[in-house]
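Chemist: Okay, here's the structure, questions in a sec.
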Amino acid sequence: MEFFRNPNIDFLGKKWYFLAFSLVFSVAGVLSMLFWHGIPYGVDFRGGTLVYVKFAQTPDDGAIRAAMDRAGLHNARIQRYGQAANNEVLIDVSEKETGEQALDKSKLEIIHALESNAPADKLDLNNESMLTVKGYLLEKDPLHLGSDAAERYAQTAQAILDYRDKTKGGVLSSIDEVKAVADPAVVASLKDGFFLSGFSVRNVEIVGPQVGEQLRTQAKLATLYSLAGMLVYLAVRFEWIYGVAAVITVFHDTLITVGAFSLVNKEISLTVIAAILTLIGYSNNDTIVVFDRIRENLKLMRREKLSDIVNRSINQTLSRTILTAGLTFLTVLALFLFGGEVLHGFSFALVIGILIGTYSSIAIAAPILVAYQDWRANRGRQPVMVPADKERNRREKMKAKA
Amino acid sequence: MNKNLGWKVVVIVATLVVFVFGIFGLPQSWSGRGLLAALEDRIHLGLDLKGGTHLILQVQVNDAVNVDSDNALERLKAQLKSHKINYAEITKPDPTNNPEKILIKGVPPEQSSGLRSLVDDNLPEYSLASGLENTWTVSMKPQALAELKRRAVAQAIETIRNRIDQLGVSEPVIEEHGLGQYQILVQLPGVDDPARVKEIMQSTAMLEIRQSLGGPYPSEQAALQDHGGVLPQDSVLLPGRSLGVNQEGPMWYLVSRASAVTGRDLRNAEPSRDENGQPSVQFTLTNEGGRRFAAFTGAHVGENLAVVLDGKVQEVAVIKEQIHDNGVINGRFTEQEAKDLGMILRSGALPAGIRYLEERTVGPSLGSDSIRAGVTAAIIGMLAVLVFMLIYYHAAGINADVALILNLIILLGFLGYSGATLTLPGIAGVILTVGMGVDSNVLIFERIREELRNGKTPPSAVEQGFSHAWITIVDTHVTTIVSAVILFIFGTGPVRGFAVTLSFGLFANLFTAVFVSRVIFDWILNHKQRGEALSIG
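Line by line, the protein sequences give chains A and B. What the first sequence shows, in our numbering, is residues 24 to 425, in sequence order. What the second sequence shows, in our numbering, is residues 152 to 688, in sequence order.
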C-alpha cells in the first residue's frame, strides 16, 4: 500500500498561495494578541489563585458568584471546566488579590465562601484528609478496638478516602455511600462528626507575583537558547542560510501557534511552553529531512536549477513527511481527545504545531532558500555555495588549469 | 548471508530481559495484581499523578543578617564605651535593604585609629570604611555576608526537614530551588491539606527555657512528698527525657510554669567547648530574647535552668553568670549529648522568616484521574500507530511494531532504573516518543522502497535504506534531545518529567529503530530464497 508513488508536484510554484495562507493566519493571530484576547497568560506567568472545585450536583453559577461577592472577591472569574458531566468549576482570582503576605488568603476565602452553610461543629468529609479521619475514628473508636487501633483505623480511613477519590471522583453525595467499604458502626460514627459540603477541591494553584516573573524569564530564556542552538547546529551542518531559513520557519510556527491560543483564548501555562519547545524541535526535524535531501541532490543533479532540485527533494521526501506527520498527529490527537483536561493546553499546542510544522518545512523553509539564492543571483553575486558546490567548483578549476 | 546474527539476537534478548527487570523488579507474584504492585514500586510518580502539595518558600535572609548586625552593634557600643571612644550616634541606616551596614557618626579624628583596631579585634567579619564628616561605616565583609545567607538557607532546610519528619510524610522533597534567590522547594506527596503543614513548618517545636526548681524525682508522688503534698505556686511537674537507671518511667522535674525564653527567641545553637574544654552548647538569641534572658539569668545566678522540648525536660544546666544573647550551656555533657542538644535547639530555630511564593495542591482524585487519562491516551495512540504500520508496510510493519514495543519497554525500564519521576507530561512524552520514534522506521522503509523501485535486490535495498537514513536519523534525534535538555534545565517538576521521558525514549529509539530493525530484516533475508520479494507494502 502506498500513498505517494513518484509524486511530482510543483511546490515552489505555489509559494504565493502558501505565503498568503501563512499571512492570513499570522496576521489574525497577531491582531488577536494585540487587540482582542491578548496573550492569555496562565496563572504560572501572571500570578494568582486558581481553585478547581468539583461539585456533587450540577453547580449553580449564580450561587457561586453570589458567594464570591459576599467574600469580597468581586473579580473572581468563574468558569465551567472539562466535560459538563463532571460538574467541575474553575475559580480564578487575579494576582492583585494574591498578596505575598498571605499567599493562600484568596484560596481560603473561596473555600470558606463555598462552605457558607456548614454546620459549625462538624468537619467536611468531602475535603478532609486521611490523618483527620483516622484521628477522629481513633478518638471515637466505633469498633471498640481499644488502644491498638491506630493501624486498623488508618487502613479504614484510607479505604474510605480511596473510595471517595478513586471510585467517586472525589465527591460523595451521602455519607451512606461509604457503606461499600466500611463497617456500619464506622459509618454511623462518621455521620455524627462529619457533614458533606457538596463539593471537593480537586486542585489548587497559587502563584505569587515574584514566581510568576521568574517563570516568565525562564520560559523566554529556554526559547531563546533553543533557537540559538538550532541556528548554530544547522549553520555547522549545512550553511548559515539554512540555519536562518530554519529559524524563520520555526518563528512562523510559534507565532501561528501562540496566535491560535489567543484566538481561542486558551491559557498558556508552563506545560504549553514545553509543548511549544517540542514543536520547535519537531518542525526543525522536518526541515532537516528536506534539507538533507536537498544537499544529497545537489551533489547528484549538478546542472539543474536550484528550484528544480528543491522541488524534486520535497517530492522525494513527501511520502515520509506526510507519513510521519500523520503518525505523530495520530498519537497527539489521542492525547487531545483522551488525555484529560490537565493536558488539554499541551495537546492543543502539539496538534496545531505538528500540522503547521510539517506545512512550514515545505511552504516556508524551502522557498526561503530559493528566494535567497535568486536574490543573490539578481544582485550579480555568486550564488551561495553549499559544500558540494564548493567541491565541484574546486575540481572544475583544477581541470581548467590542467 | 549469515552475519553473526546469533550474537546480535542474544544482545537484543538480553536487553529485553534487563529492561523488563527495570520495570518490574522481582514481583511478588506473577498475577496481574502482583505485576501492577511491582510496577508501582519501581516507578516514582510525580505529584501531579500521586496527589500532594508543592510549596516554594523564600528564606528572608535579611532577617538573619539583621540579627548578626544587631549583635555587632551592641558589642560595638559596649566596646566603644569601655575604650572611651566618643561618638554622636550609632545606628543601622537601612535595616530592610542593607542590614549589614552600621553607621557611626561623630568620632573625632584622633580616635579613629582606636576605632579601627577595635573593629579589627572584636568584629573580624566586619570591615571599616570612613565617610564624610567623621562618619564611619562598619559593614559585613562580602564573603562573610554571603556565607551567613547561605548558612541561613541551609539551616532553614534542616529545620523544615525535621519538622516535616514529624508529620510522617513518605518521601518528602526538601531542597534548595532556583538560582541564588534563597528559595526552598518542598514537595509532600499525599498531603492535600497544606494548611497544617505550613503551621508546623512555621511554628517552633515548643522549645522553652524555664527555671528548674527541683528534681530529678523518680515519680510524681516522690516530688509531691518532697514539698509536703502541694506544689509551690507557679510551678509544674514535667517528665524528663532520660530514663533513670533501673527505672520504668521517666524522671520528673519541678520547673517554673512560665518560660524565660522560647524557641522563637533562638537564632542558632552549635556544639562547642567551654573555657574548661568541656563539651557544651553555644547559642544565640534575638535581641528581644536576649533582653529577657539577661533579666532572668541575672536574677538566678548559681541556680538551675531547664531546657524543655515539647513539654519534656531535655537538660538541666547551671547558670554560671548573667547571659545576654550569646551564651553557653554546660551541664556535664558528653560530646554526643552536646551535639544532640545543639541539633534539638536548632531544629526548634528558624534562622529567618519564611515567606511563601508558590503553592500547588493536587487532590488525590485528580491524581488518579490523570493517570487513567494518560494511560488511556497512550494505549490508544500506540494501538493506532501499530495498526497503521501493519496496514501500510505489511510484513515490514511487524518489524516496526516490534521495534516500537521494545522501545517502550526500554523507556519504562530506564525510568525504573534511574528513579526518575513520571509526571503527566511525562506520560505525554511517552506518547510523543511513539510518534516520533516511528519516524525513524518510516525513513528507513521509505528509502528501502525507493531502492527496490530503482531495481535493487532486497538485501542491497535494505543496506542502502539503512545507511542513507542513518545520518538523517541522527540529525533529527540530536536536535530533539537538545531541545529536551534545554527543557530540563529551564523547566520545573512536571516539565522536567516530560524532558526525561522524551530523551530516554529517543535514545532507546536509536537502538531499536536501527539495530533491532536491522537484525530482524537480516534474519528475514536469511530465510528468503534468492529473488524472492521483500514484503514491505
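Positions of the beta carbon are idealized from the N, C-alpha and C atoms, including for glycine.
1) Restricting to Cα atoms, I'd like to know which of Trp621/B, Glu602/B, Leu517/B, Ser264/B is closest to Asp188/A.
2) Between the C-alpha atoms of Phe284/A and Glu290/A, what's the straight-line distance to the nearest angstrom?
3) Taking the alpha helix (DSSP H) that Ala165/B falls in, what are its first and last residues?
4) Restricting to Cα atoms, I'd like to know which of Glu419/A, Arg399/A, Pro390/A, Tyr176/A is closest to Lys37/A.
5) Would you say Thr527/B lies against chain A (beta-carbon separation less than 7 angstroms)?
6) Is Pro165/A helix, strand or coil when you go by DSSP?
7) In three-state terms, what does DSSP make of Ser220/A?
8) Return no unless some Cβ of chain A is closer than 7 angstroms to the Cβ of Met352/B.
9) Would you mind giving the Cβ-Cβ distance between Leu456/B and Arg361/B, rounded to the nearest angstrom? I have them listed as a contact below 8 angstroms.
10) Which residues does DSSP list as the beta-bridge partners of Asp552/B?
11) Which residues of the stretch 329-349 of chain B have a Cβ closer than 9 angstroms to any Cβ of chain A? Give them in chain order.
12) For Thr652/B, count the other beta carbons within 10 Å of its own beta carbon; 16 or more makes it buried, fewer makes it exposed. Which is it?
13) On the criterion of 16 or more Cβ atoms from any shown chain inside 10 Å, does Tyr382/A qualify as buried, or is it exposed?
14) Does the stretch 533-552 of chain B come into contact with the stretch 257-268 of chain A, if we say contact requires no fewer than three beta-carbon pairs (one atom in each stretch) closer than 8 angstroms?
15) Taking contact to mean at least 3 C-beta pairs separated by less than 8 angstroms, is the stretch 597-614 of chain B in contact with the stretch 204-216 of chain B?
16) Can you find a CB in chain A that lies within less than 7 angstroms of the CB of Asp673/B?
17) Exposed or buried, which one is Gln376/B when buried takes at least 16 other CB atoms within 10 Å?
18) Give the straight-line distance between the Cα atoms of Leu224/B and Asp476/B, rounded to the nearest whole angstrom.
19) Could you please give the first and the last residue of the uninterrupted alpha helix (DSSP H) stretch that includes Leu57/A?
20) Are the C-beta of Ile23/A and some C-beta of chain B separated by less than 7 angstroms?
21) What first and last residue would you give for the beta strand (DSSP E) that runs through Arg418/B?
22) For chain B, find out if any of its Cβ atoms is closer than 7 angstroms to the Cβ of Phe371/A; answer yes or no.
23) Which word fits Thr485/B, buried or exposed, when buried means at least 16 other C-beta atoms lie within 10 angstroms of its C-beta?
24) So, for Gly235/A: in the same chain, excluding its five sequence neighbours on each side, which residues have a beta-carbon less than 6 angstroms away from its beta-carbon?
25) Residues of chain A with a CB under 8 angstroms from the CB of Ile622/B: which are they?
26) How many Å lie between Ala356/B and Ala503/B at the Cα?
27) Determine the DSSP secondary structure at Ser268/B, reduced to helix, strand or coil.
28) Ser668/B CB to nearest chain A CB: under 7 angstroms?
29) In whole angstroms, give me the CA-to-CA distance for Pro207/A and Arg184/B.
30) Exposed or buried, Ser220/A, counting other C-beta atoms within 10 Å across all chains shown (16 or more means buried)?
31) For the beta strand (DSSP E) containing Ile474/B, list its first residue and its last residue.
32) Where in the stretch 238-291 of chain B do unbroken runs of the beta strand (DSSP E), each at least 3 residues long, occur, reported from the N-terminal end onward?
33) Looking at the structure shown, is Pro323/B part of a helix, part of a strand, or coil, going by DSSP?
34) At 7 angstroms on the CB atoms, spell out the chain A contacts of Gly594/B, in chain order.
35) Applying a beta-carbon distance threshold of less than 8 angstroms, which residues of chain B neighbour Gln237/A?
36) Of all the options Phe41/A, Ser306/A, Thr179/A, which has the alpha carbon lying nearest to the alpha carbon of Ile345/A?
Modeler: Based on what the coordinates show:
1) Taking the first residue of the first sequence as position 1, residue 188/A is located at position 165. Comparing Cα positions, the closest option is Leu517/B.
2) Translated into positions along the first sequence, residue 284/A becomes position 261. Translated into positions along the first sequence, residue 290/A becomes position 267. If I take the Cα positions, the gap works out to 7 angstroms.
3) As a working mapping, residue 165/B is identified with position 14 in the second sequence. That run of the alpha helix (DSSP H) goes 156-175.
4) Sequence index remark: in the first sequence, residue 37/A carries index 14 (1-based). When only C-alpha atoms are compared, the closest one is Pro390/A.
5) For the purposes of this step, residue 527/B is taken as the residue at position 376 of the second sequence. It does: the Cβ of Thr527/B has a partner Cβ on chain A nearer than 7 angstroms.
6) The residue given as residue 165/A occupies position 142 in the first sequence. DSSP places Pro165/A in coil when its eight states are reduced to three.
7) Taking the first residue of the first sequence as 1, we reach residue 220/A at position 197. Ser220/A: coil per DSSP, three-state reduction.
8) If you number the second sequence from 1, residue 352/B lands on position 201. Answer no: the Cβ-Cβ gap between Met352/B and chain A never drops below 7 angstroms.
9) Walking along the second sequence from the start, residue 456/B turns up at place 305. Walking along the second sequence from the start, residue 361/B turns up at place 210. About 7 angstroms separates the Cβ atoms of Leu456/B and Arg361/B, confirming a contact at the 8 angstroms cut-off.
10) Position 401 of the second sequence holds residue 552/B. Answer is none; Asp552/B lacks a bridge partner.
11) Gly329, Gln332, Gln334, Gly341, Val342, Asp343, Asp344, Pro345, Ala346, Arg347, Lys349
12) By one-based count along the second sequence, residue 652/B stands at place 501. Under this definition Thr652/B is a buried residue.
13) If you number the first sequence from 1, residue 382/A lands on position 359. Per the 10 Å Cβ criterion, buried.
14) Fewer than three pairs of CB atoms, one per stretch, sit closer than 8 angstroms, so the stretch 533-552 of chain B makes no contact with the stretch 257-268 of chain A.
15) no
16) Position 522 of the second sequence, counted from the start, is the residue given in the question as residue 673/B. Taking Cβ atoms only, chain A never reaches closer than 7 angstroms to Asp673/B, which makes this a no.
17) Translated into positions along the second sequence, residue 376/B becomes position 225. It is exposed - the Cβ of Gln376/B has fewer than 16 other Cβ atoms within 10 Å.
18) In the second sequence, counting from the first residue as 1, residue 224/B sits at position 73. In the second sequence, counting from the first residue as 1, residue 476/B sits at position 325. Taking the straight line from one Cα to the other gives about 13 angstroms.
19) Residue mapping note: residue 57/A aligns to position 34 of the first sequence, counting from 1. Unbroken alpha helix (DSSP H) run through Leu57/A: 38-58.
20) The shown model of chain A, from 24 to 425, leaves out residue 23/A, and the question about it has no answer.
21) Looking up residue 418/B in the second sequence gives position 267. Note, Arg418/B: beta strand (DSSP E), 417-424.
22) As a first step, residue 371/A is located in the first sequence; it is residue number 348 there, counting from the start. It does not: the Cβ of Phe371/A has no partner Cβ on chain B nearer than 7 angstroms.
23) Here residue 485/B refers to the residue found at position 334 of the second sequence. Thr485/B should be labelled exposed.
24) The count along the first sequence starts at 1 and reaches residue 235/A at position 212. Hits under 6 angstroms: Phe68, Arg69, Gly70.
25) Looking up residue 622/B in the second sequence gives position 471. What Ile622/B touches in chain A: Asp315.
26) The residue you call residue 356/B lines up with position 205 of the second sequence. The residue you call residue 503/B lines up with position 352 of the second sequence. At Ala356/B, the pLDDT of 45 sits below 50, so the modelled position is not reliable; the number obtained from the coordinates is stated separately. Whole-angstrom Cα-Cα distance: 15 angstroms.
27) Against the second sequence, residue 268/B aligns to sequence position 117. Ser268/B: helix per DSSP, three-state reduction.
28) If you number the second sequence from 1, residue 668/B lands on position 517. Interface residue (Cβ-Cβ distance to chain A less than 7 angstroms): Ser668/B is not classified as such.
29) As a position in the first sequence, residue 207/A is number 184, starting the count at 1. As a position in the second sequence, residue 184/B is number 33, starting the count at 1. Cα-Cα distance, rounded: 29 angstroms.
30) For the purposes of this step, residue 220/A is identified with residue 197 of the first sequence, where counting begins at 1. Ser220/A is buried by the Cβ-count criterion.
31) Looking up residue 474/B in the second sequence gives position 323. Segment: none, Ile474/B is in no beta strand (DSSP E) and carries neither H nor E.
32) 240-242, 252-256, 277-281, 286-291
33) As a working note, residue 323/B is residue 172 in the second sequence. Coil, per DSSP.
34) Position 443 of the second sequence, counted from the start, is the residue given in the question as residue 594/B. The sequence as given places Leu at residue 594/B; Gly does not occur at that position. Chain A residues near Leu594/B: Arg343.
35) Against the first sequence, residue 237/A aligns to sequence position 214. Taking a Cβ-Cβ cut-off of 8 angstroms, the neighbours of Gln237/A in chain B comprise Gly329, Gln332, given in sequence order.
36) The count along the first sequence starts at 1 and reaches residue 345/A at position 322. Of the candidates Phe41/A, Ser306/A, Thr179/A, the one whose C-alpha sits nearest the C-alpha of Ile345/A is Ser306/A.
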